[in-house]
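**Q** Chains as they are written, first to last, in the numbering used here: chain X, 1 to 343; chain B, 344 to 686; chain S, 687 to 1029; chain L, 1030 to 1372.
Positions of the beta carbon are idealized from the N, C-alpha and C atoms, including for glycine.
I have a structure here, written as structure tokens, and I will follow up with some questions on it.
Number of protein chains: 4
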Amino acid sequence: MVKVGIVGGTGYTGVELLRLLASHPQVELQLITSRSEEGVAVADMYPNLRGYVDLKFTAPDTEQLKQCDVVFFATPNGVAMTQVRELLDAGVKVIDLAADFRIKDIDVWQQWYGMQHACPDLVAEAVYGLPEINRDAIRVAKLVANPGCYPTAVTLGFLPLLEEGLVDSSGLIADCKSGASGAGRGANVGTLLCEVDGSFKAYAVPGHRHLPEIREKLGIVASETVGLTFVPHLLPMIRGIQATLYANLKDTSVDLQELYEQRYADEPFVDILPPGSHPETRSVRGGNMCRLALHRPQDGDTLVVLSVIDNLVKGAAGQAVQNMNIMFGMDETSGLDMISVLP
Amino acid sequence: MVKVGIVGGTGYTGVELLRLLASHPQVELQLITSRSEEGVAVADMYPNLRGYVDLKFTAPDTEQLKQCDVVFFATPNGVAMTQVRELLDAGVKVIDLAADFRIKDIDVWQQWYGMQHACPDLVAEAVYGLPEINRDAIRVAKLVANPGCYPTAVTLGFLPLLEEGLVDSSGLIADCKSGASGAGRGANVGTLLCEVDGSFKAYAVPGHRHLPEIREKLGIVASETVGLTFVPHLLPMIRGIQATLYANLKDTSVDLQELYEQRYADEPFVDILPPGSHPETRSVRGGNMCRLALHRPQDGDTLVVLSVIDNLVKGAAGQAVQNMNIMFGMDETSGLDMISVLP
Amino acid sequence: MVKVGIVGGTGYTGVELLRLLASHPQVELQLITSRSEEGVAVADMYPNLRGYVDLKFTAPDTEQLKQCDVVFFATPNGVAMTQVRELLDAGVKVIDLAADFRIKDIDVWQQWYGMQHACPDLVAEAVYGLPEINRDAIRVAKLVANPGCYPTAVTLGFLPLLEEGLVDSSGLIADCKSGASGAGRGANVGTLLCEVDGSFKAYAVPGHRHLPEIREKLGIVASETVGLTFVPHLLPMIRGIQATLYANLKDTSVDLQELYEQRYADEPFVDILPPGSHPETRSVRGGNMCRLALHRPQDGDTLVVLSVIDNLVKGAAGQAVQNMNIMFGMDETSGLDMISVLP
Amino acid sequence: MVKVGIVGGTGYTGVELLRLLASHPQVELQLITSRSEEGVAVADMYPNLRGYVDLKFTAPDTEQLKQCDVVFFATPNGVAMTQVRELLDAGVKVIDLAADFRIKDIDVWQQWYGMQHACPDLVAEAVYGLPEINRDAIRVAKLVANPGCYPTAVTLGFLPLLEEGLVDSSGLIADCKSGASGAGRGANVGTLLCEVDGSFKAYAVPGHRHLPEIREKLGIVASETVGLTFVPHLLPMIRGIQATLYANLKDTSVDLQELYEQRYADEPFVDILPPGSHPETRSVRGGNMCRLALHRPQDGDTLVVLSVIDNLVKGAAGQAVQNMNIMFGMDETSGLDMISVLP
């Protein structure tokens, strides 16, 4: 049994981690910390966990965390970077679900996140936890930077094209739509039901923090600088991201359906839909799957890739568990084989 | 392994059965029939099942169904009653998720369902599949009538009161609210998103088919005729029922919290919340739990019971699986231990 | 032209007042105050008002307010009571949309609102602004207490019964359901989309502040103390209240449909639906109408009244405008004749 | 007073036309026809119209329609083309809200709509009713083809760019999202609440009927063939379209904000938001406005235009009324000045 601790699990990523870990056959949940909710039973805050999780939130306690095999940070950006070293030094593996270790370029990170990075050396050491490109490195990693939700959906969608150099990488477009859970559980006028329900809008078009993350990862894959226009939108619903991706094909004679199917043939959590399909976010709700479909409208040279994930699962907590499974040599799908709830 | 067949599984109850049975460790799904969808892959119709269920819908075929240990009918009312006898005679157990065998009083049934009953003798033999009142009978039943969704929520909420004779059973009120999935997957203007979203209404106030079912079952529990006003409402959401129940207490000195906790102490799927609680339907979404809370506002003699279930799980497919578990001597929670997805 | 000021118009009641007043043919909007949003253009905060309202929020300024003919208070409870006297003394009429002047019994008010009342004498003088019972008094009122949303829906539903003494007034039940806008625009975890959407629950069952208000007003109408069980619920939608009301008829031979039709025959904003109807909240969305339907299920002695309003219109801003129209001798429907948007 | 008839007004476009026309100060509603709903009171079908419209649906009757000054066709595609000539010959003006007269290229139309066109000569004569490009022609038109919802949002968004030749018109992208009301009121599994709510998907990516319409109109504006990738998506909500438009700028030195503001300075129903804005569909819900915002992320050469309309108003019924106003020399905003309901 892997002994697991969670730091800061009061948000939606936290409850989702708890849901997944509580059902994981090889995991023993040790503690979950929250300064603000200390003493509160987890199941009182998240009634779906009644009968499954009997932990209470405890005050952060490094000594207790050191007893764990792995610690997940589900904290705001900038927290993990101040606490991780001590755990790593004690031999504890760490998976950070925030952004502290995602971007290798420290200057870029500092510019977009508006703070000084506390441990650039650990950034260098951290492994970006997208198993579809970094599985071998994750297997031996001590510190995993769990990818952002948009970067997961976008990167998996563009990946085979960029690896093969099949598209003009200077003019990629990612028109992305996310449910409101991506904005977290903070008290915020902008995500009140009355502000979001029955309406739709783009946001952060001038620049969103996931842009540099996506650009860096796509650049590594493509072995060249990529140009990306990234427009996020807010959907009037809770869970789910769809990335609608546009790229100009250099060569329209390649069988892209076959390329994608082969690229992802051994991936347990990437599903290439049959030609002509339109994936629905509900088909992955609560599950760790990314479903992709390819279209070349009017047989032109614009490729459209439709990519859907559950932002809280493959886009956050599920991918974190997937990374843990890899890091500890467990079956990669362990604890992640639940079927999405539909309707 | 229990060999399972499903007749008519194209509706929401069908897909929910498939979700639960596909994850059930002791079940082998043999076939699922649908005249209209013959040849269609189940996973093409329900993309959440891709990778979990590789069956195709087949034409109804009694000989194949006879090879099963148990057959679930997820058909419209009036279908099962014409097909069940042949299966029972062949030693196959049957669980009907429709209303054909729910009401013992044939005249009442015929009046509310507007058709002649095809096999009154089997109605007499059938066991009403609410484990909380009929577990022993279910254990040896050949034919189980799976309860309606509203009747499940209402009966579990009133049960301890009526068993103990603590309330005036002539003036019970059940103000019930259901998500739209209770209306099924038929093409119907009334359940279009544009008709239901952002709005709320009562329906069928003059009389709903679940009224006689509830009245009969409560009457059995109370050992007297009960008077019930039942007002169903349609919620602008997919899953979930809340029954808000009102009853006049004969005696306000009884510790009702304790009564409920004791009555349901051994029930794996009934959860009595602490005093002062307000259960949310999302806390049981996708799960088989019924959560109850008790209130006596202003310490008066009106008791308010709040009862929530997922209409497709404890109110349909989950309860059917629970019944199967009991009928085959399996752990009653087998295949039903998934945690609700929240948010 | 009536010169109008609004104090504290940044919430949902405020924007709704602005929508209605901006289209009112006899109103001249003078100012709208908000300490927190001073200097912000109203249309920047509420983009639906772009092109219709070019005011900015200004700091509260009593001298400017004194230039108005009428001032609406759309402030939190406890604010108006400290500011109203000065305006009244200056001859300005006041309509308070909060609860400061709704309850005549000061002790009851202080108990439920948890504060000392600043001006009990003005409470005595204030007129409860439900035109259907107090039209004549409103006509000459200087200070109108605009009713709460639930009290409006419930009182209009029970009114004819209690006036005529047709029901047992000791055991009334009001099972009420409200959209989330009733909770206001404050940053609050409990009303985030992710907490409310796709779920349903009761709240405040032990006691809600609208209970004493309803009880007092029904008591006045009935000329006796009434017993009321009031259970509010939160709907996963923005606007709309349905009150489902239950009462025991003393005499089932009265033609209640006719009674209601006659009682409300001259009321411009109460609509009695034909027998057998189920009003939908969307049918009054954005409009000032209250629609009622009557049912006597199974011809029993329990009467069910279905009452729907838009909580922000007839339950708040619309009723306030209706009161203003009456107070200034204008056509009562002036500025309130817009058709609800459906779907 | 303009005497108005509506043919086939049972769908969402029909009820929206009724809402707008019933409040129009210069319109007299004469009749509304529907074969299927003959004899049904309009207000029984659409309860928001109770008290505002007392018409019943009548059987189609050409003689009665000939008494009108203008007839709106809110019928399925292919109906108006068989009935319009007789009305035009009788001097009645016609506004078709379906697609029969939108596309000038008959071959293209026949290919996409899968039927033979009944009157190509009338197509040639018809005026495409987008006032922002065709106001003068509309003023004298006898037959107006009311634009599709997506074409309205997309064309208004690209218009100034193409008129000025500022972008590469061979690689335009329109990533569009629509509420479910765009799919109409037909009984259809795909638009059930349980299929649409809480989920998101693209649809018709291989080809949507609005593609040739948009391409033709943009081509006329640009005076050259345009290349357009058009990807529609279904939003889990009722009303509203957002078109997120992408174009490659030939020259990044042009002040596009000023260009748009000038181009639309005199347009009553196009609103250019300040730089940095993100329009919300709710800001135009129930109103006839199109709101646009411009972004050039990271100061690159990709321009992003955000365009929102209410698909049932500016995208259908509202634009039809706007066209009527122009055709009859009335104030163009007459009957269209209602403020959007928010929240």
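For Asp121/X, which of Gly329/X, Cys176/X, Val167/X and Asp105/X has the nearest alpha-carbon?
**A** Counting from 1 along the first sequence, the entry for residue 121/X is found at position 121. Among Gly329/X, Cys176/X, Val167/X and Asp105/X, the Cα nearest to that of Asp121/X belongs to Asp105/X.
**Q** Buried or exposed for Met1/X, going by 16 or more other Cβ atoms inside 10 Å?
**A** Taking the first residue of the first sequence as 1, we reach residue 1/X at position 1. Exposed, by the Cβ-count rule.
**Q** What would DSSP say about Ala1233/L, mapped onto helix, strand or coil?
**A** Working through the fourth sequence from its first residue, we reach residue 1233/L at position 204. Reduced to three states, the DSSP call for Ala1233/L is coil.
**Q** Indicate whether at least one CB of chain S lies closer than 8 angstroms to the CB of Leu682/B.
**A** Here the question's residue 682/B lines up with position 339 in the second sequence. Just to set this straight, residue 682/B is Ile in the shown sequence, not Leu. Closer than 8 angstroms: no.
**Q** Output the distance between the C-alpha atoms of Arg721/S and Leu715/S, rounded to the nearest integer angstrom.
**A** Translated into the one-based positions of the third sequence, residue 721/S becomes position 35. Translated into the one-based positions of the third sequence, residue 715/S becomes position 29. About 18 angstroms.
**Q** Pull up the distance between the alpha-carbon of Glu267/X and that of Ala174/X, whole angstroms please.
**A** Stepping through the first sequence from its first residue, residue 267/X is reached at position 267. Stepping through the first sequence from its first residue, residue 174/X is reached at position 174. Going by the C-alpha atoms only, they are around 23 angstroms apart.
**Q** Which residues of chain A have a Cβ atom closer than 8 angstroms to the Cβ of Met580/B, listed in chain order?
**A** The structure shown contains no chain A; the protein chains it does contain are X, B, S and L.
**Q** When DSSP builds the beta bridges, which residues end up paired with Glu714/S?
**A** As a first step, residue 714/S must be located in the third sequence, where it is residue number 28. According to DSSP, which records beta bridges pairwise, Glu714/S is partnered with Lys689/S.
**Q** Return helix, strand or coil for Gln928/S, following the three-state DSSP convention.
**A** Sequence index remark: in the third sequence, residue 928/S carries index 242 (1-based). Gln928/S: strand per DSSP, three-state reduction.
**Q** Quick one: is Val474/B buried, meaning 16 or more other Cβ sit within 10 Å of its Cβ, or exposed?
**A** Counting from one through the second sequence, the residue named residue 474/B turns up at place 131. According to the sequence shown, residue 474/B is Pro rather than Val. By the C-beta density criterion, Pro474/B is buried, having at least 16 other C-beta atoms within 10 angstroms.
**Q** Relative to the C-alpha of Arg1320/L, which candidate in Pro1308/L, Pro1326/L, Gln1327/L and Ile1249/L has its C-alpha closest?
**A** On the fourth sequence, residue 1320/L is found 291 positions in, with the first residue counted as 1. Nearest of Pro1308/L, Pro1326/L, Gln1327/L and Ile1249/L to Arg1320/L, Cα basis: Pro1308/L.
**Q** Verify whether the separation of the beta carbon atoms of Ile366/X and Ser181/X is less than 8 angstroms.
**A** This structure cannot settle anything about residue 366/X, because the visible part of chain X is limited to 1 through 343.
**Q** Report the rounded CA-to-CA distance for Asp957/S versus Asn1077/L, giving the unit in angstroms.
**A** Residue 957/S sits at position 271 when you count from the first residue of the third sequence. Residue 1077/L sits at position 48 when you count from the first residue of the fourth sequence. Those two C-alpha atoms are separated by around 11 angstroms.
**Q** According to the Cβ coordinates, are Val651/B and Pro640/B closer than 8 angstroms?
**A** On the second sequence, position 308 is the one that residue 651/B refers to. On the second sequence, position 297 is the one that residue 640/B refers to. Taking 8 angstroms as the cut-off, the Cβ atoms of Val651/B and Pro640/B do not count as close.
**Q** Give the residues from the stretch 173 to 192 of chain X that approach chain S closer than 7 angstroms (Cβ to any Cβ), ordered along the chain.
**A** Ala180, Ser181, Arg185, Ala187, Asn188, Val189, Thr191 and Leu192
**Q** Contact between the stretch 1009 to 1020 of chain S and the stretch 888 to 903 of chain S is defined here as three or more beta-carbon pairs at a separation below 8 angstroms; is this criterion met?
**A** no
**Q** Kindly indicate if chain B contains any beta-carbon less than 8 angstroms away from that of Val205/X.
**A** As a working mapping, residue 205/X is identified with position 205 in the first sequence. It does not; no Cβ of chain B falls within 8 angstroms.
**Q** Could you tell me the alpha carbon to alpha carbon distance between Tyr698/S and Ser864/S, rounded to whole angstroms?
**A** To locate residue 698/S, count along the third sequence from 1; it is residue 12. To locate residue 864/S, count along the third sequence from 1; it is residue 178. If I take the Cα positions, the gap works out to 14 angstroms.
**Q** Considering only C-alpha positions, which residue in the set Leu578/B, Leu577/B and Glu559/B is nearest to Gly687/B?
**A** Because residue 687/B is not part of the residues shown, which for chain B are 344 to 686, the question remains open.
**Q** Name the DSSP beta bridge partners of Asn1317/L, please?
**A** Stepping through the fourth sequence from its first residue, residue 1317/L is reached at position 288. As far as DSSP is concerned, Asn1317/L takes part in no beta bridge.
**Q** Thinking C-beta only, is Pro275/X closer than 8 angstroms to Ile103/X?
**A** On the first sequence, position 103 is the one that residue 103/X refers to. On the first sequence, position 275 is the one that residue 275/X refers to. Taking the C-beta atoms as reference points, Pro275/X is found no nearer than 8 angstroms to Ile103/X.
**Q** Could you check where the alpha helix (DSSP H) with Pro640/B kicks off and where it finishes?
**A** One-based indexing of the second sequence puts residue 640/B at position 297. Counting along the chain, Pro640/B sits inside no alpha helix (DSSP H), nor does DSSP assign it H or E at all.
**Q** Where does Gly165/X land, buried or exposed, given buried means 16+ other C-beta within 10 angstroms?
**A** Start at 1 with the first residue of the first sequence, and residue 165/X comes out as number 165. Taking all protein chains shown into account, Gly165/X has fewer than 16 neighbouring C-beta atoms within 10 Å of its C-beta and is therefore exposed.
**Q** Within 8 angstroms (strictly less), CB to CB, does Tyr1041/L reach chain B?
**A** Sequence index remark: in the fourth sequence, residue 1041/L carries index 12 (1-based). Taking Cβ atoms only, chain B reaches closer than 8 angstroms to Tyr1041/L, which makes this a yes.
**Q** Assuming Tyr1275/L contacts Thr1220/L under a Cβ cut-off of 8 angstroms, what Cβ separation, rounded to an integer in Å, is found between them?
**A** For the purposes of this step, residue 1275/L is identified with residue 246 of the fourth sequence, where counting begins at 1. For the purposes of this step, residue 1220/L is identified with residue 191 of the fourth sequence, where counting begins at 1. Rounded, the Cβ-Cβ distance is 28 angstroms, inconsistent with contact.
**Q** Is the shortest distance between the beta-carbon of Cys1178/L and the beta-carbons of chain B less than 8 angstroms?
**A** Translated into positions along the fourth sequence, residue 1178/L becomes position 149. For Cys1178/L, the answer is no, since every Cβ of chain B falls outside 8 angstroms of its Cβ.
**Q** Where does Val140/X land, buried or exposed, given buried means 16+ other C-beta within 10 angstroms?
**A** Residue mapping note: residue 140/X aligns to position 140 of the first sequence, counting from 1. Per the 10 Å Cβ criterion, exposed.
**Q** I think Asp540/B touches Leu1371/L, with their Cβ atoms under 8 angstroms apart; what is that distance to the nearest whole Å?
**A** Within the second sequence, numbered from 1, the residue matching residue 540/B stands at position 197. Within the fourth sequence, numbered from 1, the residue matching residue 1371/L stands at position 342. Between Leu1371/L and Asp540/B the Cβ distance is about 17 angstroms, and since that is not below 8 angstroms, they are no contact.
**Q** Identify each residue in the stretch 1069 to 1086 of chain L for which the Cβ-Cβ distance to at least one residue of chain S is less than 8 angstroms, and report them in chain order.
**A** Tyr1075, Pro1076, Asn1077, Leu1078, Arg1079, Gly1080 and Tyr1081
**Q** Compare the C-beta of Gly1305/L against all C-beta atoms of chain X and say whether one is closer than 8 angstroms.
**A** The residue labelled residue 1305/L in the question sits at position 276 within the fourth sequence. So, interface residue.
**Q** Excluding sequence positions up to five away, which residues of its chain have a Cβ less than 8 angstroms from the Cβ of Gln1139/L?
**A** What you label residue 1139/L is simply residue 110 of the fourth sequence in a count that begins at 1. If we look at Gln1139/L and ignore the five residues flanking it on each side, its Cβ neighbours are Gln1145 and His1146.
**Q** Sorted by chain position, which residues of the same chain lie with C-beta nearer than 6 angstroms to Thr376/B's C-beta, five sequence neighbours on each side aside?
**A** Numbered from 1 along the second sequence, position 33 holds the residue referred to as residue 376/B. A distance below 6 angstroms between beta-carbons, with the five flanking residues on each side excluded, links Thr376/B to the following residues of its chain, in chain order: Val350, Thr401 and Pro403.
**Q** To test your reading of the DSSP string, which unbroken beta strand (DSSP E) runs of 3 or more residues are found completely within the stretch 73 to 102 of chain X?
**A** Within the stretch 73 to 102 of chain X, the complete beta strand (DSSP E) runs of at least 3 residues fall at 93 to 96.
**Q** Please report how far the alpha carbon of Arg19/X lies from the alpha carbon of His553/B, in whole angstroms.
**A** Sequence index remark: in the first sequence, residue 19/X carries index 19 (1-based). Sequence index remark: in the second sequence, residue 553/B carries index 210 (1-based). Those two C-alpha atoms are separated by around 34 angstroms.
**Q** Would you mind giving the Cβ-Cβ distance between Ile927/S and Asn1009/S, rounded to the nearest angstrom? I have them listed as a contact below 8 angstroms.
**A** On the third sequence, residue 927/S is found 241 positions in, with the first residue counted as 1. On the third sequence, residue 1009/S is found 323 positions in, with the first residue counted as 1. Actually they are not in contact, since the Cβ atoms of Ile927/S and Asn1009/S sit about 19 angstroms apart, beyond 8 angstroms.
**Q** Assign Ala265/X to buried or exposed, taking buried as 16 or more other Cβ atoms, counted over all protein chains shown, within 10 Å of its Cβ.
**A** Here residue 265/X refers to the residue found at position 265 when the first sequence is read from its first residue. Flag for Ala265/X reads exposed.
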